Amino acid sequence: MPNKIKAPVKKIEKPIKVEEKIEEPEELKKKSSDPEQPVVPLPKGRKTPELLRGFRDILPDEQIYWEILREATKSMAETYSFDRIDFPILEKEELFIRTVGKQTDIVEKEIYGFEDKGGDKVVMRPEMTASAARAYINHGMLNLPQPVKFFYEGPNFRYDRPQAGRYRQFYQIGFEAFGSSEPIIDAQIIVMVYNLLKTIGLETNIRMNSIGTQDSRQAYKTELASYYRTKKNQICEDCKRRLLKNPMRLLDCKVEGCVAVKADAPQILDWLDEESKNHFMRILEFLDEAGVPYTLDPHLVRGLDYYNRTVFEIWTVNDEGERAQNAIGGGGRYDGLVELLGGREGTPGCGVALGMERIVLALKELKVQPTAKKVDVFFAQLGDSARRVGLKVFEDFRQSGISVREAFGKGSLKTQLELANKLGVLFTLILGQKEVLDGTIIVRDMESGAQEIVDASKIIQIMKKKLEIAKGLDTKR
RNA sequence: GCGGUCAUAGCUCAAUGGUAGAGCACCGGGUUGUGGUCCCGGCUACACGGGUUCGAUCCCCGUUGAUCGCCCCA
Numbered sequence: 001m002p003n004k005i006k007a008p009v010k011k012i013e014k015p016i017k018v019e020e021k022i023e024e025p026e027e028l029k030k031k032s033s034d035p036e037q038p039v040v041p042l043p044k045g046r047k048t049p050e051l052l053r054g055f056r057d058i059l060p061d062e063q064i065y066w067e068i069l070r071e072a073t074k075s076m077a078e079t080y081s082f083d084r085i086d087f088p089i090l091e092k093e094e095l096f097i098r099t100v101g102k103q104t105d106i107v108e109k110e111i112y113g114f115e116d117k118g119g120d121k122v123v124m125r126p127e128m129t130a131s132a133a134r135a136y137i138n139h140g141m142l143n144l145p146q147p148v149k150f151f152y153e154g155p156n157f158r159y160d161r162p163q164a165g166r167y168r169q170f171y172q173i174g175f176e177a178f179g180s181s182e183p184i185i186d187a188q189i190i191v192m193v194y195n196l197l198k199t200i201g202l203e204t205n206i207r208m209n210s211i212g213t214q215d216s217r218q219a220y221k222t223e224l225a226s227y228y229r230t231k232k233n234q235i236c237e238d239c240k241r242r243l244l245k246n247p248m249r250l251l252d253c254k255v256e257g258c259v260a261v262k263a264d265a266p267q268i269l270d271w272l273d274e275e276s277k278n279h280f281m282r283i284l285e286f287l288d289e290a291g292v293p294y295t296l297d298p299h300l301v302r303g304l305d306y307y308n309r310t311v312f313e314i315w316t317v318n319d320e321g322e323r324a325q326n327a328i329g330g331g332g333r334y335d336g337l338v339e340l341l342g343g344r345e346g347t348p349g350c351g352v353a354l355g356m357e358r359i360v361l362a363l364k365e366l367k368v369q370p371t372a373k374k375v376d377v378f379f380a381q382l383g384d385s386a387r388r389v390g391l392k393v394f395e396d397f398r399q400s401g402i403s404v405r406e407a408f409g410k411g412s413l414k415t416q417l418e419l420a421n422k423l424g425v426l427f428t429l430i431l432g433q434k435e436v437l438d439g440t441i442i443v444r445d446m447e448s449g450a451q452e453i454v455d456a457s458k459i460i461q462i463m464k465k466k467l468e469i470a471k472g473l474d475t476k477r
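In this text, residue positions in the first sequence follow this note's numbering: the first is 1, and each later residue adds one.
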C-alpha cells in the first residue's frame with residue numbers, strides 16, 4: 001500500500017521534465033543517459049521515429065469498428081456462456097514448439113523470441129490456443145464442470161511479411177471449449193461465430209473439413225504422397241517441395257497441371273476412421289439445422305499441428321474485390337492438446353480464432369457505416385471566471401448523464417460555436433463574465449438560433465426537459 | 001524468404017532536369033461575447049542514402065516503407 005501512495009508523488013515531477021525536454025532536447029539527452037555514452041544522432045532528415053514494419057496504430061477513427069466487434073463478442077460470449085480470460089503476451093518458447101509444431105512456419109520463422117535476463121527462452125505469443133490449454137491445466141480446470149469455456153481477445157505476434165489484413169502484431173478474438181468431445185460443441189462454436197459476424201453485418205461462409213485422427217491422417221498423407229510421387233513430372237516446383245514438406249498442401253495448388261493431378265488424388269474423407277467420420281457428419285447435421293451456410297472443402301488443412309478431426313475456416317462471402325482472399329477466422333478440434341502439455345490424458349477441446357483486423361477491414365469494405373455517437377449539448381465559456389464556474393457546471397452535466405462536450409482550451413466564442421456545430425449538438429450553453437455575475441446561462445438552440453437566458457442553478461433540469469422535447473420531435477436521435 | 005507495382009503537405013491529387021501548386025483539413029482574422037455560407041491570411045511535402053549532371057523531386061543504383069501476389073496464416 002505505501003508504494004501506491006508514493007507513486008503519484010513521483011509522477012507530479014514528470015510534467016516539469018517534459019517541458020525541459022521540449023525546450024532543450026539535446027541537453028536533456030546528454031543528462032538523462034549515461035554521460036559516458038555519446039548521444040546517438042538521429043538519421044539525417046528523420047526527426048520522428050518510424051513505426052516498425054508490420055506494426056500500426058489503430059487511430060480514433062477506426063476505433064468504432066473495433067468497439068462494435070468487441071461489444072458483439074462480449075454479448076455473444078455471455079449468451080453462450082464463455083467466460084473472459086486473459087493470458088500474458090510472453091510465454092515460454094517451449095509452449096508453442098510443443099503445440100503449434102516445430103516444423104510449422106509459425107514456429108520455424110515467425111517467432112518473436114529472446115532470452116530473458118534469467119536465461120529463459122521466451123517468446124511473444126504467436127497465437128493463444130496453446131495459452132488457453134496451458135491455463136486450463138495450470139489452474140486445475142479439469143475439476144470444474146465440463147466443458148470449460150473461455151473467450152479472450154488480444155494481440156499476437158508473428159514475424160511475417162505484411163500484407164492487406166496481415167500485420168506482425170495482430171489481434172485475435174478466440175473462443176475455446178475444453179472437456180467435451182461432443183460434436184455439438186464444434187457446431188455450437190461455429191454457429192455462434194457465424195451469428196456473431198452476422199450481427200455486425202458480415203455475411204460469411206464456413207469451409208468445413210475433417211482431418212481425422214493422427215493415425216488416419218498419417219495413413220492418408222502417406223497415400224497422398226505416394227500418389228503424387230507417381231505424377232512427379234506433372235507437378236510444379238512448389239508442389240515438389242510440398243510433397244516433401246507438407247503433402248496435404250499439395251491440394252491447395254492452383255497451377256493448371258497440378259489441378260489436373262489433384263482431380264484424381266485420394267480424398268481425406270475416404271480415409272477417415274469411422275468415429276471421426278461420424279463426428280463430422282453430426283456437426284454438419286447441426287449446421288444444417290441451424291441454417292449456417294458451409295462448404296465442404298476436402299483440401300482445407302490447418303497449419304497448426306494440434307488440430308484433429310474438425311477444421312474450419314470462416315470466409316466473407318461476396319468478396320468481389322481483387323484483395324487477397326483472407327480467411328477472417330479459423331479453428332477446429334484439438335483433442336490431443338491438453339495431454340500434449342502434460343494435462344489429463346484424453347482431454348478434448350475445440351476452438352476458434354478470429355482475426356480482428358480482417359473483420360474490421362471487411363466491415364470497412366462492406367461500407368458498414370457505424371453511426372457516430374451523438375452529442376446533445378456543447379458547453380461554451382468566455383473568460384477566466386466563466387471557466388472556473390464552468391468547470392463545475394460541466395461536471396454537473398457529466399454526472400447528470402447528459403452527453404456534453406466542451407472546449408475549455410479555446411478562447412473565442414466563435415470557435416466554440418464552430419465546434420458545437422461540427423459536433424451537431426442540439427443546444428449550446430454559453431457562460432460569460434456577465435452570466436457568471438448574474439447567475440445565469442444562455443441556452444442557444446442550434447437549429448433555430450434562438451437564445452434564452454436561464455437560471456444557472458436550474459440548468460440541469462431545464463436542459464433535461466429541453467432535450468426530452470427536442471428528441472421527441474426528432475425521432476432519428 | 002521470393003516476385004510485380006509504387007513513394008510529392010495531415011488527407012486526395014497536380015506540375016517540373018533549374019528546389020514545387022490546388023482542394024479538403026488545421027490555425028488565425030473580417031473590430032468589443034455568437035456556428036452552419038462567404039472573404040482574407042498562415043502552416044505543413046519532394047521517404048532515406050549514393051551516383052550521373054553545371055544543376056535532380058524528376059534519370060540510374062541501393063535502403064526503407066506501402067501495396068499486390070507466392071509461401072503461410074488471423
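Glycine is no exception: its CB is placed at the ideal position from the N, C-alpha and C atoms.
Being a predicted model, the structure only gives us computed values, none of them experimental.
Item	Value
Residue from T213, R405 and K109 whose Cα sits closest to the Cα of V375	R405
Buried versus exposed call for G165 [16 or more other C-beta atoms within 10 Å across all chains shown]	buried
Which of helix, strand or coil DSSP assigns to V18	Confidence at V18 is low in this model, with a pLDDT of 32, below 50, so the placement of that residue should be treated as unreliable; the coordinate-derived value is given next. Of the three classes helix, strand and coil, the one that applies to V18 here is helix, per DSSP.
Counted within 10 angstroms of its Cβ, other Cβ atoms place D455 as buried (16 or more) or exposed	exposed
Anticipated Cβ contact below 8 angstroms, F178 with T73, distance rounded	At roughly 19 angstroms, the Cβ-Cβ gap does not stay under 8 angstroms, so F178 and T73 are not in contact.
Close beta carbons around I189, own chain, < 8 angstroms, minus the five adjacent residues each side	F175, A177, G331, C350, G351 and V352
Contact the region 185-199 vs the region 275-295: 3+ CB pairs below 8 angstroms	yes
8 angstroms Cβ cutoff met for I516 and Q451	The question about residue 516 has no answer here: the residues shown for the chain are numbered 1 through 477.
Assumed close pair Y171, E357 - CB separation to whole angstroms, cut-off 8 angstroms	6 angstroms
Start and end residues, alpha helix (DSSP H) containing Q433	Q433 to D438
Residue burial classification, D215 (beta-carbon count within 10 angstroms, cutoff 16)	exposed
Expected contact under 8 angstroms - CB spacing of R302 and P162 to nearest Å	Contact flag wrong, Cβ pair sits at about 22 angstroms.
Residue of V389, Y80, M463 and G401 minimising C-alpha distance to P147	Y80
Those runs of the beta strand (DSSP E) which lie wholly inside the region 327-363 and span at least 3 residues	329-333 and 349-355
Boundaries of the alpha helix (DSSP H) in which R207 is found, first to last residue	From DSSP, R207 is part of no alpha helix (DSSP H) but of the beta strand (DSSP E) over T204 to S210.
Every unbroken alpha helix (DSSP H) within the region 240-326, with a cutoff of 4 residues, ordered by chain	256-263 and 274-290
Other residues of its chain near L304: CB distance less than 6 angstroms, five sequence neighbours each side excluded	V100
From E345, A386 and G355, residue whose alpha carbon lies closest to that of R70	G355
Nearest residue (CA-CA) to K458, options S400, R125 and P183	S400
Distance CB(V377)-CB(V425) smaller than 8 angstroms	yes
CB contact flag (F96, R168, <8 angstroms)	no
C-beta contact flag for T128 and G154 at 8 angstroms	The sequence given here has Met at residue 128, not Thr. Contact flag set, yes.
Where the beta strand (DSSP E) containing K149 begins and where it ends	V148 to F157
Three-way DSSP call (helix, strand, coil) for I460 in this model	helix
Identified DSSP bridge partners for D83	F150
Inter-residue spacing [alpha-carbon to alpha-carbon] between D83 and Y152	8 angstroms
Sub-8 angstroms separation of R309 and H279 beta-carbons	yes
Beta-carbon proximity check, G212 vs D273, cutoff 8 angstroms	yes
Check whether N209 and P298 have beta carbons under 8 angstroms apart	yes
For K121 and R387, the rounded distance between their alpha carbons	55 angstroms
Run of the beta strand (DSSP E) containing G480, from where it starts to where it stops	This structure gives no information on residue 480, because the portion of the chain shown stretches from 1 to 477.
Distance CB(T204)-CB(V317) smaller than 8 angstroms	yes
Identity of the residues DSSP links to I173 by a beta bridge	E153 and L354
C-alpha distance - D396 paired with I460, whole-angstrom precision	8 angstroms
Spatially closest choice to I89 from E78, A187, S75 and G113, by CA coordinates	G113
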